[in-house]
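Worksheet: one structure, shown below.
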Amino acid sequence: MDYGPLIEKKRQRIPELESIMAEDGFFNDPGKSAEISREYNRTKKLLDEWDELQKCQTNLAENEELVKGDDEEMAEMAAEEIPGLQETITRLSDRVQYSLLPHDANEDRDAMVEIRAGTGGDEASLFAGDLYRMYQKYAEILGWKTETIEASPSDVGGYKEVVFKVSGDEVFRYLKYESGVHRVQRVPDTETQGRIHTSTATVAVMPEAEEVDVQFAPEDLHIQATRAGGPGGQHVNTTDSAVQITHLPTGIQVKCQDGRSQTKNKEKALQILRSKILEAKIREEAEKYSAQRRNLIGSGGREEKIRTYNYPQNRLTDHRVNLTLYSLEQILEGGIEDIIEVLQKAEMEDRLTELEQA
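My numbering runs 1096 ahead of the 1-based position in the sequence shown.
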């Protein structure tokens, strides 16, 4: 397919966006200004990737000609560069194609990530902590920022539950595939007979919702101050600083106790609640998609087992795309980019199929 005309339209859109962003009062409407800014950044990134793709394709053609030439030394050097160029072209072509698909505005958003220890007791809480650190390192690699919103540490150094925000460019686009049940198989430190234990943790990735996305009527919320509990020092254990909010129409309940201020905890709880309600709307929309795509990206449901982390074999398996990698150590250090690229490519193929059928 010739993407040239589509790219040219995107290129013409840049000065239009710049003109809008230069208008007086552009930031008076936070929602609109954020949407325009995200579109500008997204379009610039697409054009940069397209230009790099064109350059690589030109270099590949030149190298293929050099290989046919009489200069053996130049031919050998050109031949060595060809596999790397071909790999880069494939990767960039996939990214460009994905970016040209009908856009889901939620993909531009920052993300709220909730990790909960599942079956497996202390070992499950340790695994939840491992996942939390993996995402923190992945965010660091991409230049994103992470902020802990709410955390319930376990006695053994992991987390019973942790909620954190990830901020950056197109965060939800990359992290949305992480929702579901993550399973770990390993020998716990406390295991004296060397037996492998299986534990789980659940991950829910939600696009960050703004006030304009989800608005609450006062009668829809039941807000209750409660006694904070768990680790956190004397103050957090002896004051009614924790806040529990129930959204009565949906039954969604959120509790925050991480901060000492009841006001701050209320703000954080509302932030999480908005994202949970927006996630529920997205999950409802996902039910309208083809079964194939729904199985790939998931619905954010905690019952969907998506991935297994096998420590003895240094193996990771993503069950949605039958992907197996023997590089678990690097993955836990934040190296999940290859997994996400495979998932994006699979989703892109499904979406293209849907467009063709439509």
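Even for Gly, the Cβ is constructed at its ideal location relative to N, Cα and C.
Can you tell me whether residue i sits near the ligand NAD, meaning its C-beta is under 7 Å from at least one heavy atom of the ligand?
| i | result |
| --- | --- |
| V1350 | The ligand NAD is absent from the structure shown, which contains no ligand whatsoever. |
If you follow the beta strand (DSSP E) that residue i is in, where does it begin and where does it stop?
| i | result |
| --- | --- |
| D1414 | 1411-1414 |
If you draw a straight line from the alpha carbon of residue i to that of residue j, how long is it in whole angstroms?
| i | j | result |
| --- | --- | --- |
| D1446 | L1439 | 11 Å |
| A1305 | A1157 | 46 Å |
| D1226 | K1441 | 27 Å |
| G1216 | P1126 | 44 Å |
| E1104 | G1347 | 48 Å |
| P1408 | E1429 | 17 Å |
| Y1194 | E1287 | 46 Å |
| E1131 | E1145 | 21 Å |
| C1152 | L1181 | 6 Å |
| V1163 | S1189 | 24 Å |
| G1397 | D1414 | Low local confidence applies: a pLDDT of 44 at G1397 is under 50, so the model's placement there is unreliable, and no value is given. |
Given that a residue counts as buried once 16 or more other Cβ atoms are within 10 Å of its Cβ, and exposed if not, what is residue i?
| i | result |
| --- | --- |
| M1170 | exposed |
| F1123 | exposed |
| A1247 | buried |
| K1401 | exposed |
| D1316 | exposed |
| P1327 | Reliability of the predicted coordinates at P1327 is poor, the pLDDT of 48 falling under 50, and no value is obtained from them. |
| G1239 | exposed |
| R1416 | buried |
| K1372 | buried |
| D1206 | buried |
| H1331 | The pLDDT assigned to H1331 is 42, lower than 50, so where the model puts this residue is not dependable; a value taken from the coordinates is nonetheless given after this. H1331 is exposed by the Cβ-count criterion. |
| Y1273 | buried |
| L1222 | buried |
| S1337 | buried |
Pick from the options: whose alpha carbon is nearest that of residue i?
| i | options | result |
| --- | --- | --- |
| T1342 | I1427, T1359, S1357, R1370 | R1370 |
| E1112 | G1290, E1135, G1100 | E1135 |
| T1224 | M1117, P1249, G1239 | Checking the sequence shown, residue 1224 turns out to be Ala, not Thr. Cα-wise, what sits closest to A1224 is P1249. |
| Q1281 | Y1273, E1287, E1274, S1295 | S1295 |
| D1251 | R1403, L1149, D1218 | D1218 |
| R1269 | N1202, M1208, E1380, L1448 | N1202 |
| Y1099 | E1375, E1363, R1191, R1279 | R1191 |
| V1299 | K1256, H1293, R1212 | R1212 |
| N1410 | S1423, E1363, D1265 | S1423 |
At what residues does the alpha helix (DSSP H) containing residue i begin and finish?
| i | result |
| --- | --- |
| V1267 | 1267-1271 |
| S1423 | It is not in any alpha helix (DSSP H) - S1423 carries neither H nor E in the DSSP assignment. |
| E1276 | Per the sequence shown, the amino acid found at residue 1276 is Gly instead of Glu. No alpha helix (DSSP H) contains G1276, which is instead part of the beta strand (DSSP E) from 1276-1282. |
| P1111 | 1100-1117 |
Contained beta strand (DSSP E) runs [length at least 3] in the segment 1121-1169, N- to C-terminal order:
none
Could I get the ranges of all uninterrupted beta strand (DSSP E) runs contained in the segment 1212-1274, with 3 residues as the minimum, in chain order?
1241-1249, 1255-1263
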